[in-house]
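Participant:
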Amino acid sequence: MKRAAAMGALWAAVCLGGDWPQWRGPASQGVSAETGLPVRWGPAQNIDWTAELTGFGASSPIVVNGLAIVTSQIGSYSQADGRDPRLARDDRDLAGRESAIGSGIAASGGKLELAVEAFRVSDGKRAWEVRMPVEGPRPDMHEKHNLATPTPATDGERVYAWFGNGQLAALELDGKVAWKRSLGEYGSFLNLWGHGSSPALYKDSVILLVDHRPVSYLLALDKNTGKELWKVDRGSGRVSHSTPVIADGPNGPEMIVNSSERIDAYDPATGKFLWHAAAERQTPIPTAVSHGGMIYMARGYRNSDILAIRPGGRGDVTESHIQYRIPNGGSYVPSILYYQGLLYMTNEVGVVTCADARTGERVWRQRLGGIFFASPVGAGGHVYMMSETGETYVLAAGREAKVVATNTLPGRFLASPAVSGGRVFLRSDGKLFAVGGAGK
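Per the numbering used here, the very first residue in the sequence shown carries number 123; after that it's consecutive.
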């Protein structure tokens with residue numbers, strides 16, 4: 123079953139075709155090559171199927187081999203201190219529409235478990251479910267999410283599901299457990315507001331970023347056995363909820379990490395440090411995207427800056443390799459979308475900025491409203507943006523601001539959309555919607 127290493131490196135971008143294998147899909151870019159996708163839907167319109175999930179979560183769905191797979195937390199426990207900050211706190215009306223995960227539906231106490239569920243994309247029927255008891259200390263969580271925030275990843279043979287207390291499971295595509303690990307063995311797995319980073323796959327390794335204030339490191343595990351391949355100590359005091367992204371560089375692949383101290387790049391094969399750029403930023407969440415020899419990213423937090431960085435440098439490249447920096451307009455949580463030569467990003471209160479990727483110059487700006495955690499997706503000449511309050515705004519990609527449709531579904535949505543097989547998959551706290559497909 124083990125693929126050749128060279129094929130593994132190209133798998134996400136080439137081998138799976140229409141599958142959506144990880145956070146932000148093929149190559150983690152948030153882009154699908156599919157066309158003819160649905161642009162209009164509602165509770166009674168163009169919904170192919172809806173599946174009830176066994177628990178709650180903020181992780182995004184992935185799609186592989188005819189299965190849509192999501193993770194959830196079953197049961198709940200008390201959150202940090204009941205005073206979690208609102209994302210849209212500067213807009214009183216929007217902040218009043220924000221709510222905790224499960225919207226108060228999830229019962230406190232009881233049996234606390236972690237779940238991985240697979241649904242047939244053809245009809246939404248549950249193919250299998252794996253449950254695991256929660257082990258080790260329970261970290262304090264922001265009310266927005268829970269232990270099922272990291273998005274799983276797949277190499278087409280197994281699914282790698284990681285949870286906010288450090289538990290990691292490799293599952294065969296029939297749901298059988300191949301191996302399990304708990305990263306609690308490396309030290310504290312406690313982070314401000316909880317853990318958010320998802321697994322990244324490279325060749326035969328599963329790469330995991332743990333930037334928590336007590337302990338920070340990058341870890342590569344053998345995807346076939348779970349054994350450690352390499353580990354890089356990143357010191358202490360760092361915070362990141364971002365997922366590492368592997369970009370093409372002039373000297374080979376580079377793994378980009380967005381963290382509170384700075385942006386770092388590593389060799390994903392060995393963990394060797396390559397370069398760093400930019401200054402400190404509080405609580406980074408967005409991930410990088412890359413295209414045509416350039417890396418684009420928002421640093422995160424409020425009024426984020428936007429950077430275009432040329433890969434291939436060594437050491438401190440802040441002065442030498444930053445192509446341009448836009449001082450504001452970037453996103454707090456959502457990652458940037460590069461699509462058809464333009465950059466799309468939305469801040470926490472739904473102000474969308476479109477910029478020319480080559481120059482960084484603003485093309486247009488428009489306020490949609492809504493509260494945005496989900497990252498945008500580009501497909502079929504459209505940009506899909508999902509608000510927490512259930513609205514998906516479908517924009518025409520291009521140099522003019524044009525909202526093609528505003529589609530509303532009931533529920534609370536933090537997860538980013540997935541695209542596969544003519545469908546758009548949307549995950550609310552406790553449901554999975556397949557939009558389009560046979561019904562489009």
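Note that beta-carbon positions come from the ideal geometry of N, C-alpha and C, so glycine has one too.
(1) DSSP three-state label for Pro308, please.
(2) For Phe285, which residues of its own chain have a beta-carbon under 6 Å away from its beta-carbon, when the five flanking residues on both sides are left out?
(3) Classify Gln167: buried if its beta carbon has 16 or more other beta carbons within 10 angstroms, exposed otherwise.
(4) Drop a sphere of 10 angstroms on the beta-carbon of Gly177, count the other beta-carbons inside from all chains shown, and report buried for 16 or more, exposed for fewer.
(5) Counting only runs that start and end within the segment 302 to 374, where is the beta strand (DSSP E) found for 3 or more residues in a row?
(6) Alpha carbons only, please: which of Trp145, Arg432, Val185 and Pro148 is nearest the one belonging to Ala556?
(7) Secondary structure at Ser230, three-state DSSP: helix, strand or coil?
(8) I'd like the list of long-range same chain contacts for Pro449, defined as Cβ closer than 7 Å, with 5 residues on each side in sequence excluded.
(9) Excluding the 5 residues flanking Glu174 on each side, which residues of the same chain have their C-beta closer than 8 Å to its C-beta?
(10) Measuring alpha carbon to alpha carbon, tell me which residue in His443, Asn469 and Gly533 is nearest Ile385.
(11) Give me, in chain order, the residues of the same chain whose beta-carbon lies closer than 7 Å to that of Val546; leave out the 5 immediate sequence neighbours on both sides.
(12) In this structure, how does DSSP classify Gly543 when only helix, strand and coil are distinguished?
(13) Going by DSSP in three states, Pro255 sits in which element: helix, strand or coil?
(14) Which residues mark the beginning and the end of the beta strand (DSSP E) in which Met416 is found?
(15) With the cut-off set at 8 Å, would you say Leu429 and Ala401 are in Cβ contact?
(16) Can you tell me the Cα-Cα spacing of Ser150 and Arg436, whole angstroms?
(17) Taking 7 Å as the limit between beta carbons, can you name the residues of its chain near Leu536, skipping five residues before and five after?
(18) Ordered along the chain, which non-local residues of its own chain (more than five positions away) have a Cβ less than 6 Å from that of Ala410?
(19) If you measure between the beta carbons of Ala479 and Leu465, is that distance less than 8 Å?
(20) Quick one: residues in its chain with C-beta nearer than 6 Å to the C-beta of Gly503, no 5 flanking neighbours on either side, listed in chain order?
(21) May I ask you to report which of helix, strand or coil DSSP gives Pro148?
(22) So what does DSSP say about Gly559, is it helix, strand or coil?
(23) Going by CA-CA distance only, name the one from Gly297, Asn380, Ala387 and Thr440 that's closest to Tyr423.
(24) Using CA coordinates, which residue listed in Asn346, Gly318, Ser362 and Ala249 is at the minimum distance from Asp326?
(25) What do you reckon, are the CB atoms on Tyr199 and Arg260 nearer than 8 Å?
(26) Can you check the segment 406 to 465 for any beta strand (DSSP E) of at least 3 residues that lies completely inside it and give the ranges in chain order?
(27) May I have the straight-line CA-CA distance separating Leu396 from Glu376, to the nearest angstrom?
(28) Return the bridge partner residues of Gln488 from the DSSP annotation.
(29) Distance, Cα to Cα, Thr271 vs Pro255?
(30) Measuring alpha carbon to alpha carbon, tell me which residue in Ala190, Tyr388 and Gln195 is nearest Gly297.
(31) If Arg335 sits next to Val361, beta carbons under 8 Å apart, how far is it from one beta carbon to the other, in whole angstroms?
Facilitator: Result, derived from the coordinates:
(1) Position 186 of the sequence shown, counted from the start, is the residue given in the question as residue 308. Reading the sequence as shown, one finds Tyr at residue 308 and not Pro. Helix at Tyr308.
(2) By 1-based counting over the sequence shown, the position of residue 285 is 163. Cβ within range, chain order: Leu236 and Leu269.
(3) Mapped onto the sequence shown, residue 167 falls at position 45. Gln167 is exposed by the Cβ-count criterion.
(4) Locating residue 177 in the sequence shown gives position 55, where the first residue counts as 1. So Gly177 ends up on the buried side.
(5) 322 to 324, 327 to 333, 338 to 344, 350 to 355 and 367 to 371
(6) In the sequence shown, the residue the question calls residue 556 occupies position 434. For Ala556, the nearest C-alpha among the options comes from Val185.
(7) To locate residue 230, count along the sequence shown from 1; it is residue 108. Because Ser230 carries a pLDDT of 46, less than 50, the predicted location of this residue cannot be relied on, and the following value inherits that uncertainty. In this structure, Ser230 counts as strand in the three-state DSSP scheme.
(8) To locate residue 449, count along the sequence shown from 1; it is residue 327. These residues qualify, in order along the chain: Asp427.
(9) Translated into positions along the sequence shown, residue 174 becomes position 52. Within the same chain, Glu174 has close Cβ partners Gly552 and Lys553.
(10) On the sequence shown, residue 385 is found 263 positions in, with the first residue counted as 1. Taking only the C-alpha atoms, the option nearest Ile385 is His443.
(11) Against the sequence shown, residue 546 aligns to sequence position 424. Excluding positions up to five away in sequence, the list reads Leu159, Pro160, Tyr506, Pro539, Val557 and Gly558.
(12) Looking up residue 543 in the sequence shown gives position 421. The answer is coil: DSSP assigns Gly543 none of H, G, I, E or B.
(13) As a working note, residue 255 is residue 133 in the sequence shown. Of the three classes helix, strand and coil, the one that applies to Pro255 here is strand, per DSSP.
(14) The residue you call residue 416 lines up with position 294 of the sequence shown. First-last of the beta strand (DSSP E) with Met416: Met416 to Ala420.
(15) For this step, residue 429 is matched to residue 307 along the sequence shown. For this step, residue 401 is matched to residue 279 along the sequence shown. Their beta carbons are not under 8 Å apart, which means Leu429 does not touch Ala401 by this criterion.
(16) Against the sequence shown, residue 150 aligns to sequence position 28. Against the sequence shown, residue 436 aligns to sequence position 314. Distance between the alpha carbons of Ser150 and Arg436 is about 24 Å.
(17) Indexing the sequence shown from 1 puts residue 536 at position 414. Excluding residues within five positions, the ones whose Cβ falls inside 7 Å are Ala180, Lys266, His267, Phe495, Ala496 and Glu510.
(18) The residue labelled residue 410 in the question sits at position 288 within the sequence shown. For Ala410, where only same-chain residues beyond five positions count, the Cβ hits under 6 Å are Val367, Ile378, Ile417 and Met419.
(19) In the sequence shown, residue 479 corresponds to position 357, counting from 1. In the sequence shown, residue 465 corresponds to position 343, counting from 1. Cβ distance < 8 Å, so Ala479 and Leu465 count as in contact.
(20) What you label residue 503 is simply residue 381 of the sequence shown in a count that begins at 1. Contacts found: Ala519.
(21) Mapped onto the sequence shown, residue 148 falls at position 26. Three-state DSSP puts Pro148 in a helix.
(22) Within the sequence shown, the letter at position 437 stands for residue 559. In this structure, Gly559 counts as helix in the three-state DSSP scheme.
(23) In the sequence shown, residue 423 corresponds to position 301, counting from 1. Ranking Gly297, Asn380, Ala387 and Thr440 by Cα distance to Tyr423 puts Asn380 first.
(24) As a first step, residue 326 must be located in the sequence shown, where it is residue number 204. Ranking Asn346, Gly318, Ser362 and Ala249 by Cα distance to Asp326 puts Asn346 first.
(25) To locate residue 199, count along the sequence shown from 1; it is residue 77. To locate residue 260, count along the sequence shown from 1; it is residue 138. Closer than 8 Å, so yes.
(26) 411 to 413, 416 to 420, 426 to 431, 444 to 452 and 459 to 461
(27) By one-based count along the sequence shown, residue 396 stands at place 274. By one-based count along the sequence shown, residue 376 stands at place 254. Each residue's Cα considered, the two are about 8 Å apart.
(28) Mapped onto the sequence shown, residue 488 falls at position 366. Answer is Val474, bridged to Gln488.
(29) As a working mapping, residue 271 is identified with position 149 in the sequence shown. As a working mapping, residue 255 is identified with position 133 in the sequence shown. In a straight line, the C-alpha of Thr271 is about 17 Å away from that of Pro255.
(30) Stepping through the sequence shown from its first residue, residue 297 is reached at position 175. Ranking Ala190, Tyr388 and Gln195 by Cα distance to Gly297 puts Ala190 first.
(31) On the sequence shown, residue 335 is found 213 positions in, with the first residue counted as 1. On the sequence shown, residue 361 is found 239 positions in, with the first residue counted as 1. Between Val361 and Arg335 the Cβ distance is about 6 Å, and since that is below 8 Å, they are a contact.
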